[in-house]
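To start, the structure itself, in structure tokens.
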Amino acid sequence: MSGRSAGASGSPFAPHTADETAAMLDALGVDDEADLFDIPDEVAFDGAFGIPQRDERTVRADLRETFARNDDLTEFLGRGHYSHYVPAVVDDLSARSEFLTSYTQYQPEITQGFLQALFEYQSILVELTGLPIANCSMYDAATALAEAALLSDRLRSTSGSTVLVPEGLRDGKRGTLDSYVDGSDLTVETYPYVDNTADLDAIADAVGEDTAFVYAETPTVTGAIEPALAAIGDLAEDDDALFCVGSDPVALSLLEEPASVGADVVVGEAGALGLPASYGMGLGLFACTEEHLRQVPGRLVGKSEDADDRRAFTLTLQTREQHIRKERATSNICTNQAWVALRAAMHAAYLGPEGLVDLAEDCVRDAASVAASLDALDGVTAPLDDRHHFREFTVGVDDAPGVAEGLAERGFAVHTLDDETLQVCVTDLNVEAADDLVAAFAEVTN
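Under my numbering, the first residue of the sequence shown is numbered 1379, with each subsequent residue one higher.
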């Protein structure tokens, strides 16, 4: 920050003088700072917001009227966004001021409590994935996947430039991945699904010396549990490609450990714990082998000892651009989801190992039960594949958009995938309405 005073010499927050600004603009060949930005006229600020002044009571009344126009639907929606019951203790404890108002834990001498909580979050992910290293969160599952792909490009053990992902990858994940690898030497290619899980033969044909990264999900975006993870991991290993598995902490409590099938990295959406489905904000999990420790993006909390030999926690191995030379940085991610990770850790601790497994078993059992009830209806096929499912499954009908509209009129929201396919997600928060959903299907498809 400059020591210049405000006014003609510049603000302490924007310290350039008028002469310095003019010199920089001249060097760039432009007349005005506005020339450096390409803002369409229709969204450019013209100096007035056009919002009439109103008092607080009026604003509250207007907002109530606006919110009342929202559809009151019971959501059977998933595809990466999941709601499980969040215990009241999570809301109560995470709202304590020392957590809620905390900034980044750069000063360990005054943030030991929060650092320990984040260390516990990392430890939970280590147990669930079987991998020895987990960071204290990414923005969401999409950025975690993209960072994993970039990690493969930094490794000396991989020589390829192709990132191989399933064609069924959710649009948000694919878009984020494409954005992250743009400007690198990586290219993204896809492999097909058969029965809503990986086509192993297609992967075998696609993987080669030019492959740097192979990604597989379990459960997949349609809820199918991937049965061929170990075989996919072997194919990646044969060509020295990084093998990455996508999942979430609830599923990982029941499914096979990714480490046991050769995963080098595990990514996913940890916000399945501690958060309701927000369809936006997430909590990206990222775990990896110790071999890749110094390539991990984001933040790591480590355990050490202080001058009095007491256990102490601190941020360690900080490799962001703002901490080390740019060319040696592993990532430009500037923060993490510390408070959200705290909530996930609280939720997991509240459930305990047995409670987490019970929740996961319900996700399998309830999905199978609802699918069977729907499949018993005339004109409905559920699921559309011969797989085990976690939370969600696809449903075949003659007119999917029409059926979805009819269900919405009866108070239920489901995904429409194409003209003949719907998708239904069942969790502990909507399972009590499952019988009513089946009855609504029967009415609409009759």
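The beta carbon of each residue, even a glycine, is placed where N, CA and C say it ideally should be. Predicted model, so just to flag it, every value in this text is computed and none were measured.
8 Å CB neighbourhood of residue i in its chain, flanking five on each side removed
i: G1385; result: With a pLDDT of only 44 at G1385, under the threshold of 50, the placement of this residue in the model should not be trusted; the figure read from the coordinates follows. Result list for G1385: empty, nothing under 8 Å.
i: A1582; result: L1613
i: L1529; result: L1620, V1643, C1666, H1670, Q1673, V1674, P1675, T1708
i: A1786; result: D1449, L1451
i: L1478; result: S1472, W1717
i: T1489; result: S1480, Q1483
i: L1734; result: P1627, V1628, S1631, A1726
i: S1368; result: The requested residue 1368 does not occur in the structure, where the chain is confined to residues 1379 to 1824.
i: F1427; result: none
Cβ neighbours of residue i in the same chain (closer than 6 Å, five flanking residues each side left out)
i: A1811; result: T1452
i: R1532; result: Q1673
i: S1625; result: T1596, G1646
i: G1784; result: V1822
i: A1372; result: The chain is shown only over 1379 to 1824; residue 1372 falls outside these bounds and no answer can be derived.
i: L1564; result: D1531, S1539, V1541
i: M1516; result: A1522, G1662, F1664, G1676
i: L1578; result: A1606, A1609
Element boundaries [beta strand (DSSP E), containing residue i]
i: Q1801; result: 1799 to 1803
i: G1680; result: 1678 to 1683
i: Y1359; result: Not covered by the structure: residue 1359. The range shown for the chain is 1379 to 1824.
i: G1624; result: 1620 to 1625
i: E1595; result: 1589 to 1595
Start-to-end residues for the alpha helix (DSSP H) that takes in residue i
i: V1639; result: Neither: V1639 is in no alpha helix (DSSP H) and is coded neither H nor E.
i: R1442; result: 1434 to 1445
i: V1559; result: 1549 to 1559
i: E1739; result: 1716 to 1753
i: T1823; result: 1812 to 1823
i: L1406; result: 1396 to 1406
i: A1648; result: No alpha helix (DSSP H) holds A1648; DSSP gives it neither H nor E.
i: A1614; result: 1607 to 1616
i: A1466; result: 1466 to 1472
Best match in the options for proximity to residue i [C-alpha to C-alpha]
i: T1659; options: E1739, A1648, E1668; result: The identity of residue 1659 in the sequence shown is Met, whereas the question assumes Thr. Answer by Cα proximity: A1648.
i: L1719; options: G1624, R1689, D1518; result: Note that residue 1719 corresponds to Ala in the displayed sequence, not to Leu. Nearest option by C-alpha distance: D1518.
i: G1491; options: V1816, C1803, W1717, G1774; result: W1717
i: T1759; options: A1749, R1765, V1467; result: A1749
i: Y1593; options: L1633, G1640, D1573, L1737; result: G1640
i: A1637; options: G1546, V1572, P1510, Y1657; result: P1510
i: L1555; options: S1537, A1526, D1579; result: A1526
i: L1678; options: R1688, T1692, D1687; result: T1692
i: V1816; options: V1781, D1796, Y1558, D1806; result: V1781
i: G1662; options: A1512, L1414, P1570, T1568; result: A1512
i: D1763; options: G1789, V1792, N1574; result: N1574
i: V1789; options: A1818, D1433, V1504, E1443; result: According to the sequence shown, residue 1789 is Gly rather than Val. Cα-wise, what sits closest to G1789 is A1818.
i: V1742; options: D1806, T1395, F1415, D1397; result: D1806
i: E1567; options: T1540, G1730, V1559; result: T1540
i: T1521; options: Y1657, C1514, G1550, D1740; result: G1550
i: I1502; options: H1462, A1392, P1731, Y1460; result: P1731
i: T1694; options: D1686, R1688, S1682; result: S1682
i: D1736; options: D1433, H1462, A1422, P1393; result: H1462
i: V1572; options: A1791, R1765, G1680; result: R1765
i: D1744; options: R1706, D1813, L1406, Y1728; result: D1813
i: P1761; options: A1400, Q1801, P1418; result: Q1801
Residues that residue i bridges to, as DSSP identifies them
i: Y1481; result: Beta-bridge pairing links Y1481 to no other residue.
i: E1453; result: A1791
i: C1666; result: I1511, V1643
i: G1774; result: T1759, T1799
i: A1690; result: S1682
i: T1575; result: V1572
i: V1543; result: T1568
i: H1767; result: A1602
i: M1516; result: G1662
Other residues of its chain near residue i: CB distance less than 7 Å, five sequence neighbours each side excluded
i: S1383; result: Caution is warranted here: a pLDDT of 41 is assigned to S1383, below 50, making its placement in the model unreliable, and no coordinate value can be reported.
i: R1548; result: R1457, G1458, V1599
i: D1684; result: A1690
i: N1808; result: T1452, E1453, F1454
i: L1506; result: P1627, L1630, S1631
CB contact check: residue i to chain D, cutoff 8 Å
i: I1502; result: In the structure shown, chain D does not exist; there is a single protein chain.
### Query
Are at least three pairs of beta-carbons, each pair with one atom in the stretch 1484 to 1495 and one in the stretch 1644 to 1660, less than 8 Å apart?
no
### Query
Touching or not, the stretch 1468 to 1483 and the stretch 1749 to 1760, by the rule of three or more beta carbon pairs under 8 Å?
no
### Query
Do the stretch 1425 to 1440 and the stretch 1772 to 1784 make contact, defined as three or more Cβ pairs closer than 8 Å?
no
### Query
At a cut of 8 Å, does the stretch 1627 to 1636 reach the stretch 1476 to 1485 through at least three beta carbon pairs?
no
### Task
Please determine if the stretch 1765 to 1773 and the stretch 1599 to 1610 are in contact, where contact requires at least 3 C-beta pairs separated by less than 8 Å.
yes
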